[in-house]
Amino acid sequence: MRKWLPLLSIFLLITPPYIVRTANAYYVVDLLMAILLAVLLREFTDHRLRIGLLSVCLLVCFFHTDALLLSPFVFAAGFSENDPAPPVVFAVACMLLVAYHYNIPDTYLLFILFLLAFVIRYGTEKLLAAQARYHALYNDMQETRLRLEHALSRTAESKQREVELALLTERNRMTRDMHDGLGHILSRSILQIGALETLAHEPAKSRLGPIRRSLEDAMYELRANLHNLKEENFNLRQEVEKLLAEFTYCRTALTYTIQTPLSLDASYSILAILQEALSNIIKHSDADFVQIKCLETKDRVFITIADNGTRTEIRSFGIGLGSIRERARSMGGRTEFTTQNGFAVRVFIPKEAIHATARH
262 MRKWLPLLSI
272 FLLITPPYIV
282 RTANAYYVVD
292 LLMAILLAVL
302 LREFTDHRLR
312 IGLLSVCLLV
322 CFFHTDALLL
332 SPFVFAAGFS
342 ENDPAPPVVF
352 AVACMLLVAY
362 HYNIPDTYLL
372 FILFLLAFVI
382 RYGTEKLLAA
392 QARYHALYND
402 MQETRLRLEH
412 ALSRTAESKQ
422 REVELALLTE
432 RNRMTRDMHD
442 GLGHILSRSI
452 LQIGALETLA
462 HEPAKSRLGP
472 IRRSLEDAMY
482 ELRANLHNLK
492 EENFNLRQEV
502 EKLLAEFTYC
512 RTALTYTIQT
522 PLSLDASYSI
532 LAILQEALSN
542 IIKHSDADFV
552 QIKCLETKDR
562 VFITIADNGT
572 RTEIRSFGIG
582 LGSIRERARS
592 MGGRTEFTTQ
602 NGFAVRVFIP
612 KEAIHATARH
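Numbering (the numbering used here), first residue to last: 262 to 621.
This is the structure we're talking about:
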């Protein structure tokens, strides 16, 4: 609708003087023909067709000079920045016809009408183009804002998950240190008091017994608490499913068949490998689907993270993939990266290693 507003204003501008000055009783026919030519010129951009339509209009004006006052309207409809020559030639020819048939003042009047038609059409087109650019820029800004908000949300979720995993890892380290340090001290103290009981005489011997039993009770409580602390609310499959539920970048599918109990260290490492691989997908991939497989055979555990993205060369090397490789190596495993039909990370871990390192 907006593209017709300039032509409508020009039509309303030239129609009154045309009706006042014309001596033709069939001026309605002239107006309808002018409107028809304007619509055709406005809708069709073929160069030869435009020349033909303007030539027809010029021919009509040559034999029917009263229609010359309507020529600025036709000129405005046919004017285009991409092809300005035909309407400009048409305007000059119309003014020459007026100068030939009428007089100089009429030529000035037609020139002024042509000039007004040009200013209205050209100025309005520029305004509409600027509005279109503004709306396009505004839409781009809104789209960019939404993408940034989505990216910030994903980053916050990823950081939260990394913090949780770091806390779990640190808790496991503290548990191991307490078991290795304090547990061994208590064990050594119990053995030493037991030796003293063998060598001591009454009444010292009877006093060492309660001390040894207290240390044994403390050792039992320490081991029980450390075991509960390590195993409390931690299930690898549940943690993997939770991780994938928080991964909203694209669709995922999980295949999980690991039944053998794994050490807590191994479980944390496998979870960290999965998180690192998913973070790598968010940062570098254009995938819309990720397949995660956690499988086991008689002697191995296989972890596979495969996406269907096309931007595989970006992720050939990097800190994230290096971290995955180091975690796999710490469990006695190896890592493969492939780029066939997308990008895939495959980790092979000896089951004996990750089962034998469990601490209780």
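Quick reminder that beta carbons are idealized off the backbone N, C-alpha and C, glycines included.
It should be emphasised that the depicted structure is a prediction, and the values quoted were computed from it without experimental measurement.
By how many angstroms is the C-alpha of residue j removed from the C-alpha of residue i?
i: F598; j: A605; result: 6 Å
i: Q601; j: I566; result: 13 Å
i: A617; j: K559; result: Below a pLDDT of 50, predicted positions are generally treated as unreliable, and A617, at 43, falls in that range; no measurement from the model is reported.
i: K554; j: Y395; result: 48 Å
i: K612; j: T596; result: 15 Å
i: L457; j: P522; result: 41 Å
i: M439; j: R406; result: 49 Å
i: E502; j: E482; result: 33 Å
i: A315; j: L377; result: At residue 315 the sequence reads Leu, which differs from the Ala that was named. Distance between the alpha carbons of L315 and L377 is about 19 Å.
i: R408; j: R422; result: 21 Å
i: E404; j: L443; result: 57 Å
i: N400; j: K420; result: 30 Å
i: R620; j: V608; result: At R620 the pLDDT is 42, less than 50, meaning the model places this residue with poor confidence; the figure from the coordinates comes in the next sentence. Distance between the alpha carbons of R620 and V608 is about 23 Å.
i: L582; j: R561; result: 21 Å
i: A514; j: L505; result: 9 Å
i: C511; j: N433; result: 32 Å
i: I615; j: L532; result: 14 Å
i: I519; j: L556; result: 5 Å
i: I454; j: A465; result: 11 Å
i: T509; j: S414; result: 10 Å
i: E507; j: L426; result: 14 Å
i: V317; j: F305; result: 15 Å
i: K387; j: F379; result: 12 Å
i: M402; j: Q392; result: 15 Å
i: F272; j: D307; result: 24 Å
i: G313; j: R303; result: 14 Å
i: M435; j: L428; result: 10 Å
i: I365; j: R309; result: Per-residue confidence for I365 stands at a pLDDT of 47, beneath the threshold of 50, marking its modelled position as unreliable; the derived number appears in the next sentence. If I take the Cα positions, the gap works out to 32 Å.
i: M462; j: A479; result: One detail in the question is off: residue 462 reads as His in this sequence, not Met. Taking the straight line joining both Cα atoms gives about 25 Å.
Determine the DSSP secondary structure at residue i, reduced to helix, strand or coil.
i: T521; result: coil
i: P464; result: coil
i: R512; result: strand
i: R572; result: coil
i: T565; result: strand
i: I365; result: Note on I365: pLDDT 47, under 50, position unreliable in the model; no value is reported.
i: F379; result: helix
i: F305; result: coil
i: K559; result: coil
Just tell me which of the options has its CA closest to the CA of residue i.
i: L447; options: L469, I373 and S475; result: S475
i: T430; options: P471, A527, Y399 and R498; result: A527
i: L535; options: S546, E500, A295 and N569; result: E500
i: P278; options: R572, L426 and L329; result: L329
i: V289; options: M402, V300, A299 and T276; result: T276
i: S546; options: I381, V424, T571 and R437; result: T571
i: R437; options: N569, R561, S591 and L525; result: L525
i: C322; options: R303, R498, L497 and L298; result: L298
i: I280; options: I271, L292 and L269; result: L292
i: A412; options: Y383, A427, L398 and S540; result: S540
i: S450; options: L374, I373 and G470; result: G470
i: A337; options: R309, Q392 and L301; result: L301
i: G384; options: S591, F563, L460 and S270; result: S270
i: P333; options: E304, D307, I381 and R309; result: I381
i: N496; options: Y517, R415 and S414; result: Y517
i: I610; options: G603, N569 and I564; result: I564
i: N569; options: G593, R590 and G603; result: G603
i: L374; options: M592, V424, R498 and V335; result: V335
Measure the beta-carbon distance from residue i to residue j and round it to whole angstroms, keeping in mind my assumption that it falls under 8 Å.
i: R588; j: S530; result: 5 Å
i: I585; j: A548; result: Contact doesn't hold; Cβ gap of about 17 Å is too wide.
i: A295; j: L331; result: 4 Å
i: V551; j: I542; result: 6 Å
Does any residue of chain B bring its CB to less than 8 Å from the CB of residue i?
i: I312; result: Structure shown: chain B not included; a single protein chain is present.
Starting from the N-terminal side, write out each stretch of the beta strand (DSSP E) that is 3 residues or longer and does not extend beyond the segment 585-620. 595-599 and 605-611
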